[in-house]
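Working notes, beginning with the structure itself.
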Amino acid sequence: MTISWIQAAILGLFACLCSNSCMAGQAVGNYTIGRPLVGGLVCGIVLGNLKLGIACGVAMQLVYIALVTPGGTVSADVRAISYIGIPLAMVAITSQGLNPLAGSAANLAKSIGTLVGTVGTVLYYAVATMNLVWQSFGWKDVHKGKLDKLTAVNFGWPWISHAIFSFLPTMILTYYGATAVTALRNALPMDGIAMKTLFTVGGMLPCVGIAILLRQIVNHAADFIPFFVGFTLAASLHLNLVSVTVVSLLFAVIMYEVEMSKGSQGPQGPQGKSGPVPEAAGTDSEEEDI
Amino acid sequence: MENTNNLKKLDKKTLTNSFHRWFWGALTCFSQEHMQTFGYMASMLPILRKLYPEHKDQVKAIKAYTAFFNTNPMLGSVIVGITASMEQARANGKEIDGETINDMRAGLMGPIAGIGDSLIDGTLIPILLGISLGMSTGGSPLGAIFYIVAWILIAYFGQRFLYFRGYKFGDQAVSFLVGKQGAAVRRAISIVGSMVVGGVLASWVNVTTSLKLYGSNGKVFLNLQDKLNSIFPGLLTVVVTLFCWWLMTKRHVSAIWTMLILVVISFIGVLVGFFNPGLSY
Numbered sequence: 001m002t003i004s005w006i007q008a009a010i011l012g013l014f015a016c017l018c019s020n021s022c023m024a025g026q027a028v029g030n031y032t033i034g035r036p037l038v039g040g041l042v043c044g045i046v047l048g049n050l051k052l053g054i055a056c057g058v059a060m061q062l063v064y065i066a067l068v069t070p071g072g073t074v075s076a077d078v079r080a081i082s083y084i085g086i087p088l089a090m091v092a093i094t095s096q097g098l099n100p101l102a103g104s105a106a107n108l109a110k111s112i113g114t115l116v117g118t119v120g121t122v123l124y125y126a127v128a129t130m131n132l133v134w135q136s137f138g139w140k141d142v143h144k145g146k147l148d149k150l151t152a153v154n155f156g157w158p159w160i161s162h163a164i165f166s167f168l169p170t171m172i173l174t175y176y177g178a179t180a181v182t183a184l185r186n187a188l189p190m191d192g193i194a195m196k197t198l199f200t201v202g203g204m205l206p207c208v209g210i211a212i213l214l215r216q217i218v219n220h221a222a223d224f225i226p227f228f229v230g231f232t233l234a235a236s237l238h239l240n241l242v243s244v245t246v247v248s249l250l251f252a253v254i255m256y257e258v259e260m261s262k263g264s265q266g267p268q269g270p271q272g273k274s275g276p277v278p279e280a281a282g283t284d285s286e287e288e289d290i
Numbered sequence: 001m002e003n004t005n006n007l008k009k010l011d012k013k014t015l016t017n018s019f020h021r022w023f024w025g026a027l028t029c030f031s032q033e034h035m036q037t038f039g040y041m042a043s044m045l046p047i048l049r050k051l052y053p054e055h056k057d058q059v060k061a062i063k064a065y066t067a068f069f070n071t072n073p074m075l076g077s078v079i080v081g082i083t084a085s086m087e088q089a090r091a092n093g094k095e096i097d098g099e100t101i102n103d104m105r106a107g108l109m110g111p112i113a114g115i116g117d118s119l120i121d122g123t124l125i126p127i128l129l130g131i132s133l134g135m136s137t138g139g140s141p142l143g144a145i146f147y148i149v150a151w152i153l154i155a156y157f158g159q160r161f162l163y164f165r166g167y168k169f170g171d172q173a174v175s176f177l178v179g180k181q182g183a184a185v186r187r188a189i190s191i192v193g194s195m196v197v198g199g200v201l202a203s204w205v206n207v208t209t210s211l212k213l214y215g216s217n218g219k220v221f222l223n224l225q226d227k228l229n230s231i232f233p234g235l236l237t238v239v240v241t242l243f244c245w246w247l248m249t250k251r252h253v254s255a256i257w258t259m260l261i262l263v264v265i266s267f268i269g270v271l272v273g274f275f276n277p278g279l280s281y
């Protein structure tokens with residue numbers, strides 16, 4: 001599999017739309033186009049291998065299922081994960097001759113995607129820094145009373161930041177990266193320690209993503225219980241995720257009723273557990289997150 | 001400012017315009033220094049133009065929005081709606097000044113960011129993604145399409161609802177988010193989130209060991225993975241996840257360092273034969 005300049009340019013355009021400070025808006029850009037699952041769909045269509053694209057997208061999505069960016073700090077960049085990492089992973093998997101739907105292909109995708117996504121953070125800060133230039137225009141306009149120009153400051157000028165730090169890097173890295181990744185095949189044999197480690201790490205990386213989510217959700221040891229129940233339902237009883245969700249709704253309704261009746265009996269709830277419920281949301285969310 | 005007989009009222013078109021500017025532009029001109037400030041100013045422009053026909057009044061009014069602003073952009077649309085209603089009151093001569101508006105914004109952006117990050121990014125999106133991942137087996141695009149449609153509908157109409165709720169009820173609008181009922185709803189949703197995340201981990205992540213011990217007759221007398229499965233299926237996966245959680249929460253290791261620690265563990269594991277991904281061409 002190779003990536004042509006046109007394909008690389010299309011990926012570059014999507015990269016402009018989806019970064020954390022994205023040209024397609026937060027909901028559509030960052031939260032939709034930027035999600036690796038959707039990125040996998042787009043890359044699959046652009047590179048002409050839908051199944052492989054989705055498989056890579058699914059693999060990457062597991063690592064970044066908890067992509068929270070509190071206070072604008074990021075430790076992974078969605079544009080790099082979805083539109084540089086996934087295409088390169090697709091090329092790597094094809095050149096290694098792996099079955100796209102096999103677990104080893106997914107693990108390779110996770111390793112490549114996570115590496116690219118982490119390094120890609122630099123693009124995020126580059127765009128944010130360059131936007132300071134447009135903002136300085138904006139301050140001048142505000143002081144001079146030229147309010148009509150604010151629209152261009154917010155919606156127009158930042159395209160230049162993205163042209164330089166989203167479009168160009170994505171286009172160049174996917175075009176030349178594809179060749180480099182294909183060359184890796186000869187450099188690193190599959191049965192060597194390096195590749196074995198790479199695949200093993202790939203298999204474990206989603207644990208970090210899930211752990212970050214747990215950090216958000218878990219405030220007391222007891223909060224682990226619904227997580228374990230969900231895990232057991234799927235691992236031991238082999239329920240699929242929609243079924244797990246349906247079962248969880250029952251517990252959610254019960255929890256809602258318990259919480260609502262708590263207040264009428266004073267701050268100490270029926271369970272005698274005085275969880276700081278209203279503050280439970282995001283007490284840890286000020287930290288750097290993936 | 002003229003405020004006597006005819007009270008100014010923002011029409012739906014102006015409000016929708018302002019909302020759309022927030023929806024599409026909350027973070028387009030993002031910098032670490034001012035974050036969402038410009039997105040906020042851009043979405044207040046239609047409101048100010050409508051309320052203050054005089055250009056100099058517009059220029060005066062926008063000064064209130066030059067202060068730093070950053071919150072969760074999804075739930076944050078309620079704050080924009082609230083300021084729209086405050087600005088309308090100010091234009092009608094109520095005793096509201098830029099400082100009042102800014103105090104409200106500064107007071108709300110922290111809690112809304114905390115609630116939004118845990119409710120939207122930390123719970124709702126993982127639930128949606130978990131379900132979508134389940135639909136993606138075998139490389140099917142169905143999951144991705146489901147996510148796109150479901151999320152955009154929720155995001156657009158949810159934010160729109162919040163914006164207009166903010167406009168209608170002013171700062172009363174957030175009570176359902178931060179009040180008792182809001183807390184109960186959040187707690188209930190977090191149960192769904194935790195269980196789905198547990199399900200995602202079990203369905204999609206599978207850390208296994210290849211460790212086998214051979215007896216003198218060459219037969220396997222200990223297949224560790226089989227033993228672990230008979231205790232609790234997926235035990236190693238849970239152990240690795242809890243280890244990462246422990247590192248990040250209790251030892252305050254960053255996500256990137258946690259990943260690097262996993263690299264070291266994998267490397268050693270591969271060397272001693274604990275891990276073997278079983279690769280072949």
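First to last, the sequence lines map onto chains X and D.
Residue numbers for the first sequence, in full-length UniProt numbering: 1 to 290.
Residue numbers for the second sequence, in full-length UniProt numbering: 1 to 281.
Built from N, CA and C at the ideal position, the CB exists for glycine as well.
- Please confirm if residue 99 of chain X has its CB atom under 7 angstroms from at least one CB of chain D. To locate residue 99 of chain X, count along the first sequence from 1; it is residue 99. Closer than 7 angstroms: no.
- Do we get a CB-CB distance below 7 angstroms when we pair residue 46 of chain D with the residues of chain X? Counting from 1 along the second sequence, the entry for residue 46 of chain D is found at position 46. Judged by the 7 angstroms Cβ criterion, residue 46 of chain D is not in contact with chain X.
- Query: DSSP state of residue 30 of chain X, grouped into three classes?
  - Reply: Taking the first residue of the first sequence as 1, we reach residue 30 of chain X at position 30. Residue state, collapsed to three classes: helix.
- Please go through the same chain and pick out, in chain order, the residues whose beta-carbon is closer than 7 angstroms to the beta-carbon of residue 169 of chain X, but skip the five residues on each side of it. The count along the first sequence starts at 1 and reaches residue 169 of chain X at position 169. Excluding sequence neighbours, residue 169 of chain X sits near 123.
- Message: So residue 190 of chain X and residue 61 of chain X are supposed to be a Cβ contact under 8 angstroms. How far apart are they, rounded?
- Response: Here residue 190 of chain X is taken as the residue at index 190 of the first sequence, counted from 1. Here residue 61 of chain X is taken as the residue at index 61 of the first sequence, counted from 1. At roughly 25 angstroms, the Cβ-Cβ gap does not stay under 8 angstroms, so residue 190 of chain X and residue 61 of chain X are not in contact.
- Query: If the cut is a Cβ gap below 8 angstroms, which residues of chain X does residue 99 of chain D touch?
  - Reply: Residue mapping note: residue 99 of chain D aligns to position 99 of the second sequence, counting from 1. The premise fails here: residue 99 of chain D is roughly 18 angstroms from chain X at the closest Cβ pair, so nothing lies under 8 angstroms.
- For residue 98 of chain X, three-class secondary structure by DSSP: Reading the first sequence from its first residue, position 98 is the one you call residue 98 of chain X. DSSP places residue 98 of chain X in coil when its eight states are reduced to three.
- Name the residue from D:114, D:235, D:238, D:222 whose alpha carbon lies nearest to the alpha carbon of residue 183 of chain D. The residue labelled residue 183 of chain D in the question sits at position 183 within the second sequence. Ranking the options by Cα distance to residue 183 of chain D, first place goes to D:114.
- At a Cβ threshold of 7 angstroms, is residue 58 of chain D touching chain X? For this step, residue 58 of chain D is matched to residue 58 along the second sequence. Chain X contact via Cβ: present.
- Query: Hey, how far is the Cα of residue 164 of chain D from the Cα of residue 81 of chain D?
  - Reply: As a first step, residue 164 of chain D is located in the second sequence; it is residue number 164 there, counting from the start. As a first step, residue 81 of chain D is located in the second sequence; it is residue number 81 there, counting from the start. Roughly 6 angstroms separates the two Cα atoms.
- Message: Looking at chain X, is there any beta carbon in it that lies within less than 7 angstroms of the beta carbon of residue 161 of chain D?
- Response: Numbered from its first residue, the second sequence carries residue 161 of chain D at position 161. Output row for residue 161 of chain D: interface = no.
- Item | Counterpart residues of residue 35 of chain D in DSSP-defined beta bridges | In the second sequence, residue 35 of chain D corresponds to position 35, counting from 1. Answer by DSSP bridge pairing, in chain order: D:69.
- Task: Give me the Cβ distance between residue 126 of chain D and residue 197 of chain D, rounded to the nearest whole Å; I'm assuming they're in contact under 8 angstroms.
- Result: Here residue 126 of chain D refers to the residue found at position 126 of the second sequence. Here residue 197 of chain D refers to the residue found at position 197 of the second sequence. Right, their Cβ atoms sit about 6 angstroms apart.
- Query: Quick one: what's residue 214 of chain D bridged to in DSSP?
  - Reply: Here the question's residue 214 of chain D lines up with position 214 in the second sequence. Paired residues: D:220.
- Residues near residue 255 of chain D by beta carbon distance below 7 angstroms, same chain, minus five either side: For the purposes of this step, residue 255 of chain D is identified with residue 255 of the second sequence, where counting begins at 1. Around residue 255 of chain D: 248.
- Validate contact between the region 83-96 of chain D and the region 38-50 of chain D using beta carbons, cut 8 angstroms, 3 pairs: yes
- Message: What residue range does the alpha helix (DSSP H) around residue 261 of chain D cover?
- Response: Position 261 of the second sequence holds residue 261 of chain D. Segment 255-272, the alpha helix (DSSP H) holding residue 261 of chain D.
- Go ahead and label residue 103 of chain D buried or exposed: buried means 16 or more other beta carbons lie within 10 angstroms of its beta carbon, across all protein chains shown. The residue you call residue 103 of chain D lines up with position 103 of the second sequence. Result: exposed.
- Backbone secondary structure at residue 51 of chain D - three-state DSSP: The residue labelled residue 51 of chain D in the question sits at position 51 within the second sequence. Residue 51 of chain D falls in the helix class under three-state DSSP.
- Nearest-angstrom Cβ-Cβ length linking residue 55 of chain X and residue 106 of chain X, presumed shorter than 8 angstroms: Indexing the first sequence from 1 puts residue 55 of chain X at position 55. Indexing the first sequence from 1 puts residue 106 of chain X at position 106. Cβ atoms of residue 55 of chain X and residue 106 of chain X come within 8 angstroms of each other, at about 6 angstroms.
- Contact list for the region 130-156 of chain D against chain X, Cβ threshold 8 angstroms: 130, 131, 132, 133, 134, 136, 138, 139, 140, 141, 143, 144, 145, 147, 148, 151, 152, 155, 156
- Item | Contact set between the region 7-32 of chain D and chain X, restricted to residues whose Cβ is under 7 angstroms from the partner | 23, 24, 25, 26, 27, 28, 29, 30, 31, 32
- Task: Kindly indicate which residue of D:6, D:75, D:63, D:268 has the alpha-carbon position closest to the one of residue 26 of chain D.
- Result: For the purposes of this step, residue 26 of chain D is taken as residue 26 along the second sequence, with counting starting at 1. That would be D:75, whose Cα lies nearest to the Cα of residue 26 of chain D.
- Since residue 209 of chain D contacts residue 236 of chain D with CB under 8 angstroms, what's their CB separation in whole angstroms? Against the second sequence, residue 209 of chain D aligns to sequence position 209. Against the second sequence, residue 236 of chain D aligns to sequence position 236. Indeed they touch by this definition, with Cβ atoms about 6 angstroms apart.
- Item | Close Cβ partners of residue 161 of chain D (< 8 angstroms) along its chain, the five nearest in sequence each way excluded | Counting from 1 along the second sequence, the entry for residue 161 of chain D is found at position 161. Nothing listed; no residue qualifies.
- Message: If you measure between the beta carbons of residue 28 of chain D and residue 23 of chain X, is that distance less than 7 angstroms?
- Response: Here residue 28 of chain D corresponds to residue number 28 of the second sequence, with the count starting at 1. Here residue 23 of chain X corresponds to residue number 23 of the first sequence, with the count starting at 1. Contact: yes.
- Assign residue 24 of chain X to one of three DSSP states: helix, strand, or coil. Locating residue 24 of chain X in the first sequence gives position 24, counting from the first residue. If DSSP states are grouped into helix, strand and coil, residue 24 of chain X belongs with coil.
- Item | Contact check, residue 80 of chain X vs residue 112 of chain X, beta carbons under 7 angstroms | As a first step, residue 80 of chain X is located in the first sequence; it is residue number 80 there, counting from the start. As a first step, residue 112 of chain X is located in the first sequence; it is residue number 112 there, counting from the start. Cβ atoms of residue 80 of chain X and residue 112 of chain X: not closer than 7 angstroms.
- Item | Span separating the alpha-carbon of residue 166 of chain X from that of residue 119 of chain X | For this step, residue 166 of chain X is matched to residue 166 along the first sequence. For this step, residue 119 of chain X is matched to residue 119 along the first sequence. Spanning the two alpha carbons is a distance of roughly 13 angstroms.
- Message: Just to confirm, is the Cβ distance from residue 253 of chain X to residue 230 of chain X under 7 angstroms?
- Response: On the first sequence, position 253 is the one that residue 253 of chain X refers to. On the first sequence, position 230 is the one that residue 230 of chain X refers to. For residue 253 of chain X and residue 230 of chain X, no; Cβs fall outside 7 angstroms.
- Item | Euclidean distance between Cα positions of residue 324 of chain D and residue 104 of chain X | In the structure as shown, chain D begins at 1 and stops at 281. Residue 324 of chain D is therefore absent and cannot be evaluated.
- Could you check the C-alpha separation between residue 9 of chain X and residue 155 of chain X for me, to the nearest Å? Position 9 of the first sequence, counted from the first residue, corresponds to residue 9 of chain X. Position 155 of the first sequence, counted from the first residue, corresponds to residue 155 of chain X. If you take the alpha carbons of residue 9 of chain X and residue 155 of chain X, they lie about 21 angstroms apart.
- Are the beta-carbon atoms of residue 173 of chain D and residue 166 of chain D separated by less than 7 angstroms? By 1-based counting over the second sequence, the position of residue 173 of chain D is 173. By 1-based counting over the second sequence, the position of residue 166 of chain D is 166. Contact: yes.
- Message: Cutting at 8 angstroms between CB atoms, please list the residues of its own chain near residue 282 of chain D, excluding the five before and the five after it.
- Response: Residue 282 of chain D falls outside the range modelled here, since chain D spans only 1 to 281, and no answer is possible.
- Query: Out of X:38, X:179, X:25, which has the shortest C-alpha to C-alpha gap to residue 132 of chain D?
  - Reply: Here residue 132 of chain D refers to the residue found at position 132 of the second sequence. Residue 132 of chain D has its Cα closest to that of X:38, out of X:38, X:179, X:25.
- Message: Could you tell me which whole alpha helix (DSSP H) segments of length 4 or greater appear in the region 154-183 of chain X?
- Response: 158-162
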